[in-house]
Structure formats: structure tokens, C-alpha cells
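**Student:** Residue numbers (the numbering used here), protein chains in the order written: chain U, 1 to 200; chain P, 1001 to 1200; chain S, 2001 to 2200.
My questions all concern the structure below.
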């Protein structure tokens, strides 16, 4: 069930990123690289920092082909049907992915017996650095670092914290992951609704 | 013979990159870093993704000194003789390097028994990500992702595909590498001549 | 003693970077990431290039929490007391850190029996790439590559050279490190005072 949600979330984010790349006059290659990096860049950076090899998209090559198909179909669809995809659906999926990725990143680091703070930071990197790398490639200051941005990395941090707190009681990671999703996605959607930002 | 062509291609690209860096008001350090990254950045990223260590320029330190000499000489030459180097020669060498690097990147990944699609993607990363990193340091959106750009990453992909297709029949990699160069460089030069771009 | 100076230098640089991030309208998350990357990014890149794991801030998680505290306190302080910190003190500490980081990066590479030129380049990467990554996140061309910049990477290189030259006679690294600091910081402060730049 969680894996199914993760797959849907990754696909939705990849589609939204590919469309965003096309809007900025990138071609199919650009859309593919952007979709790939937003979907898999955070986890790749985490694994390289933690020296976990082989990288999951190298071991499971279907991810790379799947995202290529997504970029291709998004590019063709945009020509035929140039309206936005369901904005609200993308926002909810992105919020869910924030909690999911934060949980999986935290889990990977805890498995290596790292300190909780570092483990949660790894969760935050997993959940947010794909977007940071995308913004670098779009030649702009990463949005999530700016004052005008509603809570984002903070939600991932809270999700990771919830995961770490819920984990010992639930050796099956599914419940702890659910806790992370509820906390991170809940906080994120509330922050967007009520324009919550960091006070400093 | 192939190694000789590779060396010439790397040197020509390093010279052209160092001159480009100087044109953008960088000093010798900037020219060195840009020349280094364009020449060796793609292969370095590939090796870090594949966890192949030591990196080749760490094991063979002469590359780093050679590129420093190139950056230094290019910088001095530009003062004495500020015209462009032979534009056409640079373009042909860059096209040849596209095929060569794509072949070598694909080969490294196939040696590790990776899936063909991932192997060819590794070839494309080897051939193109030096330029992507250069564009990030030049503070611009990577050219190869833009719609107005003539086929580039696509040529590297086709070169890698040709390599993968030709490889089983030619255990000596020279012939498969030649196939990659002919396909990638041929397609690249045709794309530049006839302004071929991705249709979407 | 050296470790104490290093800690002070890292803290001062982290504070200055966090304040700079706040000036550019980043929030606490942005200030934290910038402070973290400026303080630890160069060494992290060096260790990933050299395949040295676990990374030191993963093994010693107190660094990550300490820099978070620094970013938090700097952010709060800036509200209450918006003047600059002692500009001159920051400049001197940054110059000292240039020599210290260059020495430690060179030492790590020499321990692995790398060629001296590569070892000193690793020292320069350690000392300067935090700032390069910061400039990429600030969406500007890295300052240290520009012609208008007073000697910076060059000072780190000279510091690394001094370290390499002094090392065999002083198995205790403290004296060689001191040589690196004197050379790098001295050259840097002179370059700033007399506006020394690379001639090309």
C-alpha cells in the first residue's frame, strides 16, 4: 500500500516537474533531467553522503525508463492539452511525498545507527534536495530557503521527527511512515492554507 | 590511436573552455576550474554515481597538471593573440569527444553488468554533464536542456546505443567506439548544419 | 590549540555566512544550509572525491547541531542588533581558516599517498569549495573565479604548498599546519590590503 502511494507520488511529482521544465522552454532532455532529479535527486544525494551503493535507480533501472516515459508523455500531452494538471492534486501529492521521503531517508540513516539528528537531516535532504537541485538548474535561488516560502523543509523535519519517535513501538515501518506522512503533509497543507512561514 | 584522439579532444575542449571562462572575466583560477570540470566533470560524476574509486584524475595526476598548463597557456595566449581559435576545429573536436565519452561511459557501466538503458544514460552523463556543471558555474540554465539548442544529449545517447549494439561482435572496444563516434559526431554535425532540434 | 582555533574559525565563518544568507532574504532553513555548506561543504566534497567514509559530520553529529544553533542565534541576534559583526575579525578568521583547511585537506590526501599536486588541489578544494557552493545557491558566479577578486584560491594553494614542504621535518602536523596558516593567511591579508589579483 505504502509502495503504491510512493509510486503514485513520484509519478505525479515527475509529471509536474516535467511540465514546469517545458514551461521554461526546456526540451524533452531538459524535462527528463528535471523530472529525474526532482524525483530521485534527494535520495541519490543521501545515498552518496552515506556511501550506500549501488544507488537504487541504478539497481532498479525501471525507474529511469519510467521517468523518461513520464517526461515524454507530459511533453506530448502539453501540446495537445496545454492546461494545467489538477493543481490541488499535485499539491496534496507533493505534501504526501514530503512525509514519505522524509520517513524513508530517516529510516535508511537509522539503520546505519546514525545519531537521530543526523538521521532526520538525511530525511530532510531526501525530501527536499531534489527541489534544490531543480532550482539550481532553473538558475534561481532555491525557493525553500527564502523567507517568502511557506514551511517546507520544516515539515519534512517534523515528519522525520515523528518517524523517529513512532519507530521503536512499530518494528513494521508502515505505522511510523504513516505518522511521518500525517505530520509532514498535515503541517505542509496547513502552512499553505494559512501562509505559515518561519518567523526568522 | 583512439587514446591519441581522446587526448587531443580533451585538450581542445579544455582550451576552448578556458578561453570562454576568460571572456566571462574569470581569472586563471576560474579558467582552470572551468577547463577541468568541462574535461573531467562528466566522468567524475559517473564514477561517483557508480562508486568507482579512485577517480581516474586522482590516480593519474598528470591530467590535473596538464589542464592547469592548458589554462595557463590559453590565458597568456589570449593576451597576445585575442582572436578566436579555429571555431570549426573546436566544433568537430567537441562532436568527436561526444561520441568518445559516450562510448567510454557506456563501457564502464556495461562492465559492471548494468542494464543497457542505465549504461547508455551513464554514457550521456559522461559526455554532457561537464558542460552542465560549467553552465551552473557560469550562472546560466544549462544550454543542452533548452528548446533552442540543436541535438546534443540525443547525439550522445545515439552514440551510446551504437556502442552497445556494436559491442558484442567486437570484443576489442575500438570498433564499437568508432561506431559511437561516427553516429554521435555525424548526428551532431548534421544537427548543427541543418538546425535539428527535438520536436518537443 | 590548533583544534581550538579551527573550532573558532568554523564558528565565525558559519555566523558570517548565516548573516549573509539572512541579508539575502533567506529564512532560518536557508541560513542553516548556507552556514553548513560554507563550513563543511569543501571538506565533504573532498571526502567524496577521495571516497573517505563516513563523512566527518556524519560521524561527529555535534557539528550539525552546533551549526544549527549558530544559524538560529545569528538569525535572532540580527533582529535585535542588526549591525554587522566585526568585519575585520571575520576577515582575519576567514584568512586563518583558509590556511587551516588547506593544510588539513592536503594532509588527508597525502595520507592516501596521492601525488603532491593532487594533494594540494584537495587542500584548495577543502578551503574554497564551500564558498563556491554558497555562491551557486546564491545564484551568482563564484566570486573566487572572477578577475576582480583578490587572491583567494591562490593563497590556499600556497598554504598547501607550504604544508607539503614543511611536513617531512615535522611528523607532528602542528608545525606544518602553522606554516600553512602563516603563508595562506599572510598572503590573503596582504592581497586584500594591496589589492593583489592574478595578472591573468
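Glycine included, C-beta positions come from ideal geometry on N, C-alpha and C.
Here the structure is a predicted model, which is why all the values come from computation and not from measurement.
So residue 138/U and residue 24/U are supposed to be a Cβ contact under 8 Å. How far apart are they, rounded?
**Tutor:** Within the first chain, residue 138/U is the residue found at index 138, counting from 1. Within the first chain, residue 24/U is the residue found at index 24, counting from 1. Confirmed, about 6 Å.
**Student:** Report the rounded CA-to-CA distance for residue 2134/S versus residue 2017/S, giving the unit in angstroms.
**Tutor:** Position 134 of the third chain, counting from 1, holds the residue named residue 2134/S. Position 17 of the third chain, counting from 1, holds the residue named residue 2017/S. Cα-Cα distance, rounded: 9 Å.
**Student:** Output, in sequence order along the chain, the residues in the stretch 2118-2142 of chain S whose CB is closer than 7 Å to any CB in chain P.
**Tutor:** From the stretch 2118-2142 of chain S, only 2118, 2121, 2136, 2139, 2140, 2141, 2142 have a Cβ closer than 7 Å to chain P.
**Student:** Could you please give the first and the last residue of the uninterrupted alpha helix (DSSP H) stretch that includes residue 2038/S?
**Tutor:** Taking the third chain and counting its residues from 1, the one referred to as residue 2038/S is at position 38. Run containing residue 2038/S: 2028-2050, per the alpha helix (DSSP H) assignment.
**Student:** Does the count of Cβ pairs from the stretch 2065-2082 of chain S and the stretch 2152-2172 of chain S closer than 8 Å reach three?
**Tutor:** Cβ pair count under 8 Å is below three, so no.
**Student:** Residue 2130/S and residue 2040/S: beta carbons closer than 9 Å?
**Tutor:** For the purposes of this step, residue 2130/S is identified with residue 130 of the third chain, where counting begins at 1. For the purposes of this step, residue 2040/S is identified with residue 40 of the third chain, where counting begins at 1. Closer than 9 Å, so yes.
**Student:** Would you list the residues sitting across from residue 1122/P in a DSSP beta bridge?
**Tutor:** Counting from 1 along the second chain, the entry for residue 1122/P is found at position 122. Paired residues: none, contrary to the question.
**Student:** Can a CB atom of chain S be found closer than 9 Å to the CB of residue 1195/P?
**Tutor:** In the second chain, residue 1195/P corresponds to position 195, counting from 1. So, not an interface residue.
**Student:** Quick check on this structure: which residue in 1141/P, 1104/P, 1199/P has the alpha carbon closest to the alpha carbon of residue 1178/P?
**Tutor:** By one-based count along the second chain, residue 1178/P stands at place 178. The shortest C-alpha separation from residue 1178/P is found at 1104/P.
**Student:** Do residue 2127/S and residue 2119/S have their beta-carbon atoms positioned less than 9 Å apart in this structure?
**Tutor:** As a working note, residue 2119/S is residue 119 in the third chain. As a working note, residue 2127/S is residue 127 in the third chain. Their beta carbons are not under 9 Å apart, which means residue 2119/S does not touch residue 2127/S by this criterion.
**Student:** For the ligand ZN, is there a heavy atom less than 8 Å away from the beta-carbon of residue 2037/S?
**Tutor:** The model on display carries no ligand, and the ligand ZN is accordingly not part of it.
**Student:** Assuming contact is defined by CB atoms lying nearer than 9 Å, are residue 2050/S and residue 1058/P in contact in what I supplied?
**Tutor:** Here the question's residue 2050/S lines up with position 50 in the third chain. Here the question's residue 1058/P lines up with position 58 in the second chain. Cβ atoms of residue 2050/S and residue 1058/P: closer than 9 Å.
**Student:** Applying the criterion that 16 or more other CB atoms from any shown protein chain within 10 Å of the CB defines a buried residue, is residue 2218/S buried or exposed?
**Tutor:** Given a span of 2001 to 2200 for chain S in the structure shown, any question on residue 2218/S remains unanswerable.
**Student:** Chain U beta carbons: is any one of them nearer than 9 Å to that of residue 1108/P?
**Tutor:** Here residue 1108/P refers to the residue found at position 108 when the second chain is read from its first residue. By this cut-off, residue 1108/P is not an interface position.
**Student:** How far does the alpha helix (DSSP H) with residue 164/U in it extend, from its first residue to its last?
**Tutor:** One-based indexing of the first chain puts residue 164/U at position 164. Segment 153-166, the alpha helix (DSSP H) holding residue 164/U.
**Student:** Locate the alpha helix (DSSP H) running through residue 1146/P, then write down its first and last residues.
**Tutor:** Within the second chain, numbered from 1, the residue matching residue 1146/P stands at position 146. No alpha helix (DSSP H) holds residue 1146/P; DSSP gives it neither H nor E.
**Student:** Taking its Cβ as the centre, do 16 or more other Cβ atoms sit within 10 Å of residue 74/U, making it buried, or is it exposed?
**Tutor:** Stepping through the first chain from its first residue, residue 74/U is reached at position 74. Buried.
**Student:** Please confirm whether residue 154/U and residue 95/U have their CB atoms less than 9 Å apart.
**Tutor:** Here residue 154/U refers to the residue found at position 154 when the first chain is read from its first residue. Here residue 95/U refers to the residue found at position 95 when the first chain is read from its first residue. Contact flag unset, no.
**Student:** Confirm, please, whether the CB-CB distance from residue 2066/S to residue 2152/S is below 9 Å.
**Tutor:** Residue 2152/S sits at position 152 when you count from the first residue of the third chain. Residue 2066/S sits at position 66 when you count from the first residue of the third chain. Not in contact: residue 2152/S and residue 2066/S (Cβ atoms no closer than 9 Å).
**Student:** Tell me whether residue 2079/S sits in a helix, a strand or coil according to DSSP, three-state version.
**Tutor:** Translated into the one-based positions of the third chain, residue 2079/S becomes position 79. Helix.
**Student:** Assuming the contact rule is C-beta atoms closer than 8 Å, residue 235/U and residue 2026/S should be a hit. Round their C-beta distance to whole Å, please.
**Tutor:** Because chain U in this structure spans residues 1 to 200, residue 235/U falls outside the shown range and cannot be described.
**Student:** Since residue 18/U is in the alpha helix (DSSP H), which residue starts that stretch and which ends it?
**Tutor:** Along the first chain, read from residue 1 onward, the residue named residue 18/U stands at position 18. Residue 18/U -> alpha helix (DSSP H) spans 2-23.
**Student:** Measuring alpha carbon to alpha carbon, tell me which residue in 132/U, 91/U, 28/U is nearest residue 2033/S.
**Tutor:** Translated into positions along the third chain, residue 2033/S becomes position 33. The option with the nearest alpha carbon to residue 2033/S is 132/U.
**Student:** Are the beta-carbon atoms belonging to residue 136/U and residue 1136/P less than 9 Å from one another?
**Tutor:** Position 136 of the first chain holds residue 136/U. Position 136 of the second chain holds residue 1136/P. Yes. Within cutoff.
**Student:** Just to confirm, is the Cβ distance from residue 14/U to residue 92/U under 9 Å?
**Tutor:** Counting from one through the first chain, the residue named residue 14/U turns up at place 14. Counting from one through the first chain, the residue named residue 92/U turns up at place 92. Contact flag unset, no.
**Student:** Using CA coordinates, which residue listed in 1176/P, 1055/P, 1003/P is at the minimum distance from residue 2122/S?
**Tutor:** As a working mapping, residue 2122/S is identified with position 122 in the third chain. Out of 1176/P, 1055/P, 1003/P, 1055/P has the C-alpha closest to the C-alpha of residue 2122/S.
**Student:** Could you pull out every residue in the same chain whose Cβ sits closer than 8 Å to the Cβ of residue 148/U, ignoring the five residues on either side in sequence?
**Tutor:** Translated into positions along the first chain, residue 148/U becomes position 148. Here the set comprises 197.
**Student:** Where do the N-terminal and C-terminal ends of the alpha helix (DSSP H) with residue 2200/S fall, by residue?
**Tutor:** As a first step, residue 2200/S must be located in the third chain, where it is residue number 200. Careful: residue 2200/S lies outside any alpha helix (DSSP H) and carries neither H nor E.
**Student:** In chain U, which residues lie less than 7 Å from residue 2065/S when you measure between Cβ atoms?
**Tutor:** As a position in the third chain, residue 2065/S is number 65, starting the count at 1. Per Cβ cutoff of 7 Å: 117.
**Student:** Tell me the residue span of the alpha helix (DSSP H) that contains residue 1095/P.
**Tutor:** Locating residue 1095/P in the second chain gives position 95, where the first residue counts as 1. Per DSSP, residue 1095/P belongs to the alpha helix (DSSP H) from 1087-1111.
**Student:** Between the Cα of residue 1189/P and those of 1060/P, 1052/P, 1088/P, spot the shortest distance and give me the residue it belongs to.
**Tutor:** Translated into the one-based positions of the second chain, residue 1189/P becomes position 189. For the residues 1060/P, 1052/P, 1088/P, the minimum Cα distance to residue 1189/P belongs to 1088/P.
**Student:** What separation, rounded to the nearest whole angstrom, lies between the Cα atoms of residue 111/U and residue 101/U?
**Tutor:** For the purposes of this step, residue 111/U is taken as the residue at position 111 of the first chain. For the purposes of this step, residue 101/U is taken as the residue at position 101 of the first chain. Those two C-alpha atoms are separated by around 15 Å.
**Student:** Do residue 1061/P and residue 2114/S come within 9 Å of each other at the CB atom, strictly closer than that value?
**Tutor:** To locate residue 2114/S, count along the third chain from 1; it is residue 114. To locate residue 1061/P, count along the second chain from 1; it is residue 61. Yes, they are a contact pair.
**Student:** State buried or exposed for residue 207/U, treating a residue as buried only when at least 16 other CB atoms are found within 10 Å of its CB.
**Tutor:** The structure shown does not extend to residue 207/U, since chain U spans only 1 to 200, so no value can be given for it.
**Student:** Near residue 8/U, what residues of its chain come up, given a Cβ to Cβ distance below 8 Å and the 5 sequence neighbours on each side ignored?
**Tutor:** In the first chain, the residue the question calls residue 8/U occupies position 8. 93, listed in sequence order.
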